[in-house]
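**Student:** Dropping a structure here in structure tokens format, bear with me for questions.
In full-length UniProt numbering, the protein residues as written are 1 to 147.
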């Protein structure tokens, strides 16, 4: 194999990687469908929450560790933001998830969920969790919704 052959193979491989990188970046920037818009039941919200957390697990070890405990709180937020709830969609879920890093954020989220369905408050706030555990869940929710 000559140096010209090797050089053209290297350039071809580099060009292929550049094209793949550009496509991937374009895909990542493209708007993803809003999962809240199709939710009709809390069970569907659980499925959507599990999918969002599963996708985030590949990007974050913290999400992988807390995804099981974060599923119901995320489902509560998704259902609350659905057309059956306050219709705030994913922007509301993202801002609410970000606010959960503060104790007042949990109170506001609990109130919003209670307005839609009082049973959602049981999903949102796991009983007996201390501040650090709630922060870990809040981080998992933020990662899953901002992915």
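Cβ coordinates follow ideal geometry from the N, Cα and C atoms, glycine included.
Please work out which residues of its chain come closer than 7 Å, Cβ to Cβ, to residue 142, disregarding the five sequence neighbours upstream and downstream, and give them in chain order.
**Tutor:** Position 142 of the chain shown holds residue 142. Excluding residues within five positions, the ones whose Cβ falls inside 7 Å are 97, 98.
**Student:** I'd like to know if the stretch 39-47 and the stretch 131-138 are in contact, where contact means that at least 3 CB-CB pairs between them fall below 8 Å.
**Tutor:** Segments in contact, no.
**Student:** Pull up the distance between the alpha-carbon of residue 123 and that of residue 73, whole angstroms please.
**Tutor:** Indexing the chain shown from 1 puts residue 123 at position 123. Indexing the chain shown from 1 puts residue 73 at position 73. Spanning the two alpha carbons is a distance of roughly 5 Å.
**Student:** Could you give the first and the last residue of the continuous alpha helix (DSSP H) run that contains residue 134?
**Tutor:** Taking the first residue of the chain shown as position 1, residue 134 is located at position 134. Start and end: 131-146.
**Student:** Can you find the residues in the same chain that come closer than 6 Å, C-beta to C-beta, to residue 48, ignoring five residues on each side of it along the sequence?
**Tutor:** For this step, residue 48 is matched to residue 48 along the chain shown. Counting only Cβ-Cβ distances below 6 Å, and skipping sequence neighbours, we find 35, 78.
**Student:** Going by other Cβ atoms of all chains shown within 10 Å of its Cβ, with 16 needed for buried, is residue 61 buried or exposed?
**Tutor:** Translated into positions along the chain shown, residue 61 becomes position 61. So residue 61 counts as exposed.
**Student:** What first and last residue would you give for the alpha helix (DSSP H) that runs through residue 105?
**Tutor:** As a position in the chain shown, residue 105 is number 105, starting the count at 1. Per DSSP, residue 105 belongs to the alpha helix (DSSP H) from 103-116.
**Student:** Below 8 Å between beta carbons: does that hold for residue 86 and residue 108?
**Tutor:** On the chain shown, position 86 is the one that residue 86 refers to. On the chain shown, position 108 is the one that residue 108 refers to. It is not a contact, given that the beta carbons lie outside the stated cut-off.
**Student:** Cα-Cα, which of 69, 126, 38 is closest to residue 50?
**Tutor:** Within the chain shown, residue 50 is the residue found at index 50, counting from 1. Nearest C-alpha to residue 50: 69.
**Student:** Helix, strand or coil for residue 68, going by three-state DSSP, please let me know.
**Tutor:** In the chain shown, residue 68 corresponds to position 68, counting from 1. Looking at residue 68 - three-state DSSP - the assignment turns out to be helix.
**Student:** Where residue 106 and residue 140 are concerned, what is the direct C-alpha to C-alpha distance, given to the nearest angstrom?
**Tutor:** Locating residue 106 in the chain shown gives position 106, counting from the first residue. Locating residue 140 in the chain shown gives position 140, counting from the first residue. Taking the straight line from one Cα to the other gives about 14 Å.
**Student:** With 16 other CB atoms within 10 Å as the buried threshold, where does residue 100 fall?
**Tutor:** For the purposes of this step, residue 100 is identified with residue 100 of the chain shown, where counting begins at 1. With 16 or more Cβ atoms within 10 Å of its Cβ, residue 100 is classed as buried.
**Student:** Which word fits residue 138, buried or exposed, when buried means at least 16 other C-beta atoms lie within 10 angstroms of its C-beta?
**Tutor:** Taking the chain shown and counting its residues from 1, the one referred to as residue 138 is at position 138. Buried, because 16 or more other Cβ atoms sit within 10 Å of the Cβ of residue 138.
**Student:** Measuring only the C-alpha atoms, how far is residue 146 from residue 94?
**Tutor:** Within the chain shown, numbered from 1, the residue matching residue 146 stands at position 146. Within the chain shown, numbered from 1, the residue matching residue 94 stands at position 94. Rounded to whole angstroms, residue 146 to residue 94 spans 7 Å at the Cα level.
**Student:** What does a CB cutoff of less than 8 Å around residue 90 pick up in its chain, not counting 5 residues either side in sequence?
**Tutor:** The residue labelled residue 90 in the question sits at position 90 within the chain shown. 34, 35, 36, 81, 145, listed in sequence order.
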